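Asks: Numbering (my numbering), first residue to last: 3 to 350. C-beta atoms are modelled at their ideal positions from N, C-alpha and C, and glycine is treated no differently. Computed from a predicted model, the values in this text were never measured in an experiment. I'd like to ask some things about the structure below.
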Amino acid sequence: MESKLQTALFKQATSAKRVEKAVFWLLRLGTYFVLAAASCIFLDIGLKGGRVIFRTEAPFINVPFLTEAPETLNVLTIDGQPRTMGDREFRAFKDAHPEKLQGVAIQTYVYSAGGIFPNIVGTVLIVAGSITIALVLGVISAIYLSEFATDGPFIRFLRLAIVNLAGVPSIVYGLFGFGMFVIALNMGVSLLAGWLTLAFMVLPIIITASEEALKSVPRGYREGSLALGATKLQTIFRNVLPYALPGILTSSVLSIARVAGETAPIMFTAAFVVRDELPWQVEKWTDFFFQGVMALPYHIYVVASKIPQNDYTRDVQYGTAFVFLFTVAAIAATAVVLRVRLRKRYKW
Numbered sequence: 003m004e005s006k007l008q009t010a011l012f013k014q015a016t017s018a019k020r021v022e023k024a025v026f027w028l029l030r031l032g033t034y035f036v037l038a039a040a041s042c043i044f045l046d047i048g049l050k051g052g053r054v055i056f057r058t059e060a061p062f063i064n065v066p067f068l069t070e071a072p073e074t075l076n077v078l079t080i081d082g083q084p085r086t087m088g089d090r091e092f093r094a095f096k097d098a099h100p101e102k103l104q105g106v107a108i109q110t111y112v113y114s115a116g117g118i119f120p121n122i123v124g125t126v127l128i129v130a131g132s133i134t135i136a137l138v139l140g141v142i143s144a145i146y147l148s149e150f151a152t153d154g155p156f157i158r159f160l161r162l163a164i165v166n167l168a169g170v171p172s173i174v175y176g177l178f179g180f181g182m183f184v185i186a187l188n189m190g191v192s193l194l195a196g197w198l199t200l201a202f203m204v205l206p207i208i209i210t211a212s213e214e215a216l217k218s219v220p221r222g223y224r225e226g227s228l229a230l231g232a233t234k235l236q237t238i239f240r241n242v243l244p245y246a247l248p249g250i251l252t253s254s255v256l257s258i259a260r261v262a263g264e265t266a267p268i269m270f271t272a273a274f275v276v277r278d279e280l281p282w283q284v285e286k287w288t289d290f291f292f293q294g295v296m297a298l299p300y301h302i303y304v305v306a307s308k309i310p311q312n313d314y315t316r317d318v319q320y321g322t323a324f325v326f327l328f329t330v331a332a333i334a335a336t337a338v339v340l341r342v343r344l345r346k347r348y349k350w
C-alpha cells in the first residue's frame with residue numbers, strides 16, 4: 003500500500019515537473035536542430051563539392067584541380083565554338099594562333115581555373131607548425147601549473163587569465179600577430195608569423211585541457227615513483243605524462259579544427275591571395291620559415307566575397323570547401339587514432 007502511494011505521488015504531475023519536462027524537450031529539440039542544420043550544410047558541400055572533385059569517367063578524380071595552382075579563367079568563342087582556357091593554356095594558344103583571337107570577345111574570371119594545390123600545402127603547413135608550437139608550450143605550461151606551482155593569488159590570477167584568453171576573438175589575435183610578429187619583429191607575412199599567432203590563439207585551450215589531463219592521473223603513480231627513488235622530473239615524464247597524453251591529444255583535435263578554420267589571423271600574418279612559388283622553392287633553407295603561403299580558408303573567403311559570382315566560381319568554392327573539410331578531417335583523424343592507441347597502451 004505504501005509503495006503504491008509513493009508511486010502515485012511520484013507520478014503526480016506538478017508545475018515543477020511540467021517546467022522540467024518542457025526544458026528537457028526544448029534542449030532536445032535544440033540539439034536535434036543544430037545536428038540537422040550541420041548535416042544539411044555538410045551534405046550540400048559534399049554533393050556539390052563532390053561533383054567537382056569526383057568524375058564518372060577515368061581517372062574518376064579531378065587531378066588537375068588537386069595538383070595545379072589557381073588561374074584566371076578565359077571564356078571565348080573560337081570558330082563558333084565556346085571554349086574555356088586557363089591562363090597558361092590561353093597564353094600558349096595566343097602565341098600559336100594569334101590570328102584566331104582577332105576581334106574575339108574574351109571574358110575573364112579570376113581564380114576560376116587551375117586548381118588548389120598551393121592552398122592545400124599551405125593549410126597543412128600552417129596547421130602542423132602552429133599545433134606543434136602550441137602543444138610544446140601548452141604542455142610545458144600545464145606541467146608547471148599542475149606539478150610545480152603552489153596555489154596562491156598569482157597562480158589563481160594566471161589561471162583566470164588563461165581561461166579569459168580562450169574567449170578572445172580570432173581577429174584580435176590576428177591584429178596582435180600582425181603588430182607583434184609581422185611589423186615589430188620584422189618577420190613579414192610568413193609561415194613563422196602565422197605559426198606563432200595561431201599557436202598563441204589555441205594555447206589557452208591546450209593549457210587548460212592538458213592541466214586537467216595531468217591532474218586526472220592517480221596520485222599513487224607519483225608517490226610510488228618518488229618512493230622508489232625517482233626524481234620529480236623522471237616521475238613526470240615517465241609516470242604521469244604518458245598517461246595524460248590521450249587527454250592532451252583530445253585538446254589538440256579541438257585546436258586543429260580551430261586553427262585550420264581561421265581566416266582572420268592568417269590573412270594578417272601568413273597568407274597571400276596568390277603566390278606562384280611553394281614555400282620550399284627557396285635558395286636557403288632558412289628562408290622557408292619566412293615565406294607566405296596560400297591557404298584554403300583564405301582562398302574560400304576571397305573567391306566567395308571578393309570577386310563577382312558566377313557558375314565558374316561556384317564550382318571552385320564548393321570544390322575548395324570539400325577539400326578543406328576533408329583535409330581538416332584527415333588531420334584530426336590522425337590525432338584521434340593516436341589518442342585511441344595511447345589510451346589502449348596506458349590504462350589505470
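#1: Are the beta-carbon atoms of A163 and I157 separated by less than 8 Å?
#2: Taking the alpha carbon of F324 as the point to measure from, which residue in A38, I55 and A39 has its own alpha carbon closest?
#3: Quick one: what does DSSP say A352 is sitting in, helix, strand or coil?
#4: CB L280 to CB A246, shorter than 8 Å?
#5: On the premise that G179 lies in contact with T199, defined as a C-beta separation below 8 Å, what is that separation, rounded to the nearest angstrom?
#6: Between the Cα of V141 and the Cα atoms of R347, L205 and V338, which residue gives the shortest distance?
#7: Looking only at DSSP bridge pairs, what is F56 linked to?
#8: If you draw a straight line from the alpha carbon of T322 to that of L37, how long is it in whole angstroms?
#9: May I ask you to verify whether the segment 125-144 touches the segment 324-341, counting CB pairs closer than 8 Å and requiring at least 3?
#10: For my contact list, V261 and V138 are in at a C-beta cut-off of 8 Å; report their separation, rounded to the angstrom.
#11: In whole angstroms, what is the alpha-carbon distance linking P171 and P299?
#12: Could you tell me which residues DSSP puts in a beta bridge with A273?
#13: Excluding the five sequence neighbours on either side, which residues of its own chain have a C-beta within less than 7 Å of the C-beta of I351, listed in chain order?
#14: Could you have a look at N312 and say whether DSSP puts it in helix, strand or coil?
#15: Name the residue from W27, I250 and L193 whose alpha carbon lies nearest to the alpha carbon of A273.
#16: What does DSSP give as the partner residue(s) for N76 in the beta ladder?
#17: In angstroms with no decimal places, state the Cα-to-Cα distance between Q283 and Y113.
#18: On the criterion of 16 or more Cβ atoms from any shown chain inside 10 Å, does E22 qualify as buried, or is it exposed?
#19: Residues in the same chain with beta-carbon distance under 8 Å from I135, minus the five sequence neighbours each way, listed in chain order, please.
#20: Give the secondary structure of W27 by DSSP, where H, G and I count as helix, E and B as strand, and everything else as coil.
#21: For the candidate residues I108, L235, F291 and E264, whose alpha-carbon lies nearest to that of G190?
#22: When you compare each of A337, L344 and V295 to A71 by their alpha carbons, which one comes out closest?
#23: Determine the contact status of I209 and S143, defining contact as a CB-CB distance below 8 Å.
#24: Give the straight-line distance between the Cα atoms of V276 and H301, rounded to the nearest whole angstrom.
#25: Once you ignore the five residues that flank L147 on each side, which residues in its own chain have a CB closer than 8 Å to its CB?
#26: Answer yes or no: do L75 and A115 have a C-beta to C-beta separation smaller than 8 Å?
#27: Does chain C have any CB closer than 8 Å to the CB of T322?
#28: Roughly how many whole angstroms lie between the Cα atoms of M203 and M269?
#29: By how many angstroms is the C-alpha of T315 removed from the C-alpha of T91?
#30: What is the rounded straight-line gap between the Cα of G48 and the Cα of P155?
#31: Provide the residue span of the alpha helix (DSSP H) that contains M189, from first to last.
#32: May I ask which residues mark the beginning and end of the alpha helix (DSSP H) holding E225?
#33: Below 8 Å between beta carbons: does that hold for N121 and A297?
#34: Relative to the C-alpha of N241, which candidate in V174, L251 and R224 has its C-alpha closest?
Replies: Reading it off the structure:
#1: No, they are not a contact pair.
#2: Comparing Cα positions, the closest option is I55.
#3: The structure shown does not extend to residue 352, since the chain spans only 3 to 350, so no value can be given for it.
#4: Taking 8 Å as the cut-off, the beta carbon of L280 is found no closer than this to the beta carbon of A246.
#5: 3 Å between Cβ atoms; contact.
#6: Among R347, L205 and V338, the Cα nearest to that of V141 is on L205.
#7: Per DSSP, I63.
#8: If you take the alpha carbons of T322 and L37, they lie about 23 Å apart.
#9: In short, these stretches touch, since the Cβ pair count reaches three.
#10: Not a contact, Cβ separation roughly 15 Å.
#11: Cα to Cα, P171 sits roughly 17 Å from P299.
#12: DSSP, once it has assigned bridges, lists V295 as partnering A273.
#13: Lying before the first or after the last residue shown, residue 351 is absent from the chain, which here runs from 3 to 350.
#14: In the structure shown, N312 sits in coil (DSSP, three-state: anything other than H, G, I, E or B).
#15: The closest CA to that of A273, considering only W27, I250 and L193, is found on L193.
#16: Residue pairing by DSSP places N76 opposite M87 and T110 in a beta bridge.
#17: Going by the C-alpha atoms only, they are around 22 Å apart.
#18: With fewer than 16 other Cβ atoms from the protein chains shown falling within 10 Å of its own Cβ, E22 counts as exposed.
#19: Excluding positions up to five away in sequence, the list reads W197, L198 and A201.
#20: DSSP, reduced to helix, strand and coil, places W27 within a helical segment of the structure shown.
#21: Checking every option, the nearest Cα to that of G190 belongs to F291.
#22: V295 is the residue among A337, L344 and V295 whose C-alpha sits nearest the C-alpha of A71.
#23: It is a contact, given that the beta carbons lie within the stated cut-off.
#24: One alpha carbon belongs to V276, the other to H301, and they sit about 9 Å apart.
#25: Shown here for L147: same chain residues with a beta carbon closer than 8 Å to its own, the five before and five after excluded, namely I157, L160, R161, I209 and E213 in chain order.
#26: Yes; because the gap between Cβ atoms is below 8 Å, this pair is in contact.
#27: As a matter of chain content, chain C is missing from the structure shown, which is built from one protein chain.
#28: The alpha-carbon atoms of M203 and M269 are separated by roughly 14 Å.
#29: According to the sequence shown, residue 91 is Glu rather than Thr. Answer to the nearest angstrom: the Cα atoms are 19 Å apart.
#30: For G48 and P155, the distance between alpha carbons rounds to 51 Å.
#31: In the DSSP assignment, M189 falls outside any alpha helix (DSSP H), carrying neither H nor E.
#32: Per DSSP, E225 belongs to the alpha helix (DSSP H) from R221 to A229.
#33: Using a Cβ distance threshold of 8 Å, N121 and A297 count as a contacting pair.
#34: Minimum Cα distance to N241 is reached at R224.
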